[in-house]
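Working notes for the structure below.
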Amino acid sequence: MQTILTIAERHGALIVFLNVLLSQGGLPLPALPTLMTAAALARPSPYQITQIILAGVSGALIAEFTLYWCGLRYGQRFLGLLCRLSFSPDFCVRRTEEVFARVGSWSLLFAKFIPGLSLITVAMAGVTKMTVLAFLLLDGIGALLFISAAVALGLLFQDAITSVLSKAYGFGEDRRPDRPRRNWIVYANKMVASTIVCSSASHG
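Anchor point for the sequence shown: position 159 equals 338 in our numbering, and the numbering is continuous, going up by one each time.
Right, here's the structure in full:
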């Protein structure tokens, strides 16, 4: 467990940045478990929590501005490409257009809270020729709200998350003094197990 705490302390913000960057860029990597875990393992200092929030917001803005620019540059062709990657292309386009028709650009404030909506909504902002300044402002506020909410959940359930990680990290550990330390493969397996458990807990 001490190793996990050390990693979180030294590289927590970087891990959050990369995870959110890839997640908001379209890869199936849920950001919520990472944000909650990073917040739960952070030292009780406003500085480290602020680092995690800024890293998450930065990753989201970089990824989503890229999608926005592609929507601005390639229009409906790019939106169609994104929707073809979804399970229901027709529903994807129709749902996004309905949201934009009803709410407009303000949908950027809450789109990240709805799985599957954020990616297309950001692209739609570009397709509809939303100005760069307006996009960055609304998307930045939306990212701040989402990241802050996830971090708050991590702090709220800090004891439960650290308990799960402690059990996952210690699972199968051989405490006999005559046995050598487990190698990095076993350690990696434990980390994967803890991530799966935290992901399941956050979606449950």
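From the three backbone atoms N, C-alpha and C, an ideal C-beta is built for every residue, glycine too.
Just so you know, these numbers come straight off a predicted model, no measurement behind them.
(Q) Quick check: the Cα distance between Val330 and Trp285, rounded to an integer number of angstroms? (A) Position 151 of the sequence shown holds residue 330. Position 106 of the sequence shown holds residue 285. Between Val330 and Trp285, the C-alpha separation is close to 23 Å.
**Report entry** Delimiting residues of the alpha helix (DSSP H) encompassing Phe244
**Finding:** As a first step, residue 244 must be located in the sequence shown, where it is residue number 65. Its alpha helix (DSSP H) spans residues 225-253.
Let's see if you can read the secondary structure: which residues bound the alpha helix (DSSP H) around Ser286? Walking along the sequence shown from the start, residue 286 turns up at place 107. Neither: Ser286 is in no alpha helix (DSSP H) and is coded neither H nor E.
Just to confirm my understanding: we take Arg252, look at its own chain, exclude 5 residues before and 5 after, and list those with CB closer than 8 Å. What are they? As a working mapping, residue 252 is identified with position 73 in the sequence shown. Result list for Arg252: Gly305, in chain order.
Between Leu214 and Ile293, which are expected to be in contact by the criterion C-beta below 8 Å, what is the C-beta distance as a whole number of angstroms? The residue labelled residue 214 in the question sits at position 35 within the sequence shown. The residue labelled residue 293 in the question sits at position 114 within the sequence shown. Under the criterion of beta carbons closer than 8 Å, Leu214 and Ile293 do not qualify as touching, at roughly 17 Å.
Interface flag, Gly321 vs chain C, CB-CB below 8 Å: The displayed structure is made up of one protein chain only, and chain C is not part of it.
Contacting residues, own chain, Cβ-Cβ under 8 Å from Phe196 (five flanking each side not counted):
Stepping through the sequence shown from its first residue, residue 196 is reached at position 17. Excluding sequence neighbours, Phe196 sits near Ala234, Gly235, Ser237, Gly238.
Neighbourhood of Lys150 by C-beta, 6 Å cutoff - its chain only, sequence neighbours within 5 removed: Shown here, the chain extends from 180 to 383; a query on residue 150 therefore has no answer.
My assumption, with CB atoms under 8 Å, is that Ala219 sits in contact with Gly333. Please give the rounded CB distance. In the sequence shown, the residue the question calls residue 219 occupies position 40. In the sequence shown, the residue the question calls residue 333 occupies position 154. Yes, Ala219 and Gly333 are in contact; Cβ-Cβ is about 4 Å, under 8 Å.
Query raised in the report: If we ignore side chains and look at the alpha-carbon of each, how far apart do Ile231 and Thr245 end up?
Result: As a first step, residue 231 must be located in the sequence shown, where it is residue number 52. As a first step, residue 245 must be located in the sequence shown, where it is residue number 66. The straight-line gap from Cα to Cα measures roughly 22 Å.
Could you give the residue range of the alpha helix (DSSP H) that holds Ile320?
Walking along the sequence shown from the start, residue 320 turns up at place 141. First-last of the alpha helix (DSSP H) with Ile320: 311-335.
task = Go ahead and pull the three-state DSSP assignment for Ala210.
result = As a first step, residue 210 is located in the sequence shown; it is residue number 31 there, counting from the start. Looking at Ala210 - three-state DSSP - the assignment turns out to be coil, as it is neither helix nor strand.
Tell me which residues share the same chain as Ala221 and place their Cβ nearer than 7 Å to its Cβ, disregarding the 5 neighbours each side in the sequence. In the sequence shown, the residue the question calls residue 221 occupies position 42. Same-chain partners within the cutoff: Ala187, Gly191, Gln227, Ile228, Ile231.
Exercise. Under 8 Å, do Phe257 and Ala328 count as touching if we go by C-beta distance?
Worked result: In the sequence shown, counting from the first residue as 1, residue 257 sits at position 78. In the sequence shown, counting from the first residue as 1, residue 328 sits at position 149. In this structure, Phe257 lies away from Ala328, with their beta-carbon atoms at least 8 Å apart.
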